[in-house]
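Numbering (numbering that gives the first Met the number 0), first residue to last: 0 to 332.
All C-beta atoms, glycine included, are put in the ideal place defined by N, C-alpha and C.
Here the structure comes first, spelled out in structure tokens, and everything after it is commentary.
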Amino acid sequence: MKPRKVITGHSREGTARFAALVVVPLLLFAACKRSQQPTYAVIPKGQAHIFWQTVHAGALAAAREANVEVAWNGPATEADFARQIAIIDDFINRHVDGILLAPTDRDALVPAIRRARQAGIPLSIFDSGANTEDYVSFVATDNYGGGVMAARRLGEILNKRGKVAMIAVMPGGASTLAREQGFKETLEKEFPEVKLVAWQFGMSDRARSLAVTEDVLTANPTLNGIFASNESSTVGAAQAVKARNLTAKVRIVGFDSSPSLVEDLRAGIIDSLVLQDPFQIGYQGLKTLLNQRAGRAPPKRLDLPPVLVTRENFDDPKVRQLLNPELERYLKE
């Protein structure tokens, strides 16, 4: 005779059915709550540079404070404006609550910016401008002022005379063009004996920047200095100068930061770096959209001052924060 099965409580099958009745509605409720959170798209020019990762962290910090979601997407390279346009259109079709955009090209992105406005989606711009006023706010570094700062630094360390080159980024990028223009015009006005003998584009690519710097060094054997107007341009210029053992002869003033550039600055391969505050750019950029949603009108333009970093102020706490932003706190949750 088989032993009788004794049930002292709910059977496993009954417990499972009960759990399903309770858990599934809770999951659906949680999903609905998440879907009800406002979602803001943040679209950088590219994703490779630490600058964009720090912008992302800043936007996430603002989103956390406001209990909203950030949808982050951008082209793989900063030259791919067609991909960026497609990303904007995708977010328009998804009816996000707002868009924060760094235009890859000041002209090519204008129709997409207008489409967002026509769809009733508020859009703010960060980092680089666009040839339109169809946006809520524009948050960026004073890029022209950063170029002025770089020219003054290079002019002074060259004792106001010599030959210099500029390793620029790419045509069409408003932010970097402003830096380059600020550099060129300041040399002409304040340092007439410092001659700009070469102006080459690295196309926001380290290898390309290295190659064009090597060409410039070959064509100009008496070169005294280089201004490189973004992170990839600075990395390429530093690599070329190091490879030719010219660090004592060719002084480099760069723009932006990365771990390798921090080490080059510490080692004296790079004289100085003009730094932005990308965390604040991302934070303040998203805040313009959040403030508008709350009925508080943001400024049409918000300029954040650049900072010149040298070995003399390298250990200043504020400078250290710019050189080593706390990305893991926001990006690896």
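Apart from sequence neighbours up to five positions away, the residues of its chain that approach residue 83 with a beta-carbon distance below 6 Å are 74, 103, ordered along the chain. Ranked by Cα distance from residue 232, the first of 185, 214, 249, 209 is 209. DSSP assignment within the stretch 191-227 yields the following whole alpha helix (DSSP H) runs of 4 residues or more, N-terminal first: 205-218. For residue 147, the enclosing alpha helix (DSSP H) begins and ends at 142-156. Using a Cβ distance threshold of 7 Å, residue 199 and residue 166 count as a contacting pair.
The straight-line gap separating the alpha-carbon atoms of residue 226 and residue 36 is approximately 45 Å.
Assignment of residue 250 by DSSP, reduced to helix, strand and coil, places it in the strand class. Per the C-alpha coordinates, the member of 267, 262, 258, 87 positioned closest to residue 248 is 267.
Under the three-state reduction of DSSP, residue 86 is assigned to helix. The beta carbon of residue 101 lies closer than 6 Å to those of 43, 44, 125, 126, 127 in the same chain, with the five residues before and after it left out. Fewer than three Cβ pairs drawn from the stretch 60-69 and the stretch 86-93 lie within less than 8 Å of each other, which leaves the two stretches out of contact. Bounds of the beta strand (DSSP E) holding residue 70 are 68-71. As for any beta strand (DSSP E) of minimum length 3 sitting wholly inside the stretch 258-325, the runs are 271-274, 300-303, 306-308, ordered along the chain.
Contact between the stretch 131-139 and the stretch 202-219 is absent, with fewer than three C-beta pairs closer than 8 Å. Using a Cβ-Cβ distance cut-off of 8 Å, the stretch 157-176 and the stretch 317-324 are not in contact, since fewer than three pairs of beta carbons, one from each stretch, lie closer than that value.
DSSP, reduced to helix, strand and coil, places residue 57 within a helical segment of the structure shown. Taking a contact as a CB-CB distance under 8 Å, the pair residue 212 and residue 235 counts as one, their CB atoms being some 6 Å apart. By the C-beta density criterion, residue 300 is exposed, having fewer than 16 other C-beta atoms within 10 angstroms. Residue 329 carries a helical assignment under DSSP once its states are collapsed to helix, strand and coil. Contact between the stretch 187-202 and the stretch 244-264 is not established, with fewer than three Cβ pairs separated by less than 8 Å.
As the crow flies, the alpha-carbon of residue 271 is around 44 Å from that of residue 119.
Residue pairing of residue 167 in beta bridges, as defined by DSSP: 200. Taking a contact as a CB-CB distance under 8 Å, the pair residue 185 and residue 228 does not count as one, their CB atoms being some 13 Å apart.
In the assembly as shown, residue 230 is a buried residue. Its beta-carbon has 16 or more other beta-carbons within 10 Å. Closest in alpha carbon position to residue 81, among 302, 253, 145, 111, is 111.
The residues 182, 185, 186, in chain order, have a CB closer than 6 Å to that of residue 150 in the same chain once the five nearest residues on each side in sequence are set aside. Distance from the Cα of residue 250 is smallest, within the candidate group 38, 134, 152, 98, for 152. By alpha-carbon distance to residue 53, the top candidate from 310, 274, 302 is 274.
Within the same chain, 257 come within 6 Å of residue 49 by CB-CB distance, once the 5 residues on both sides are set aside.
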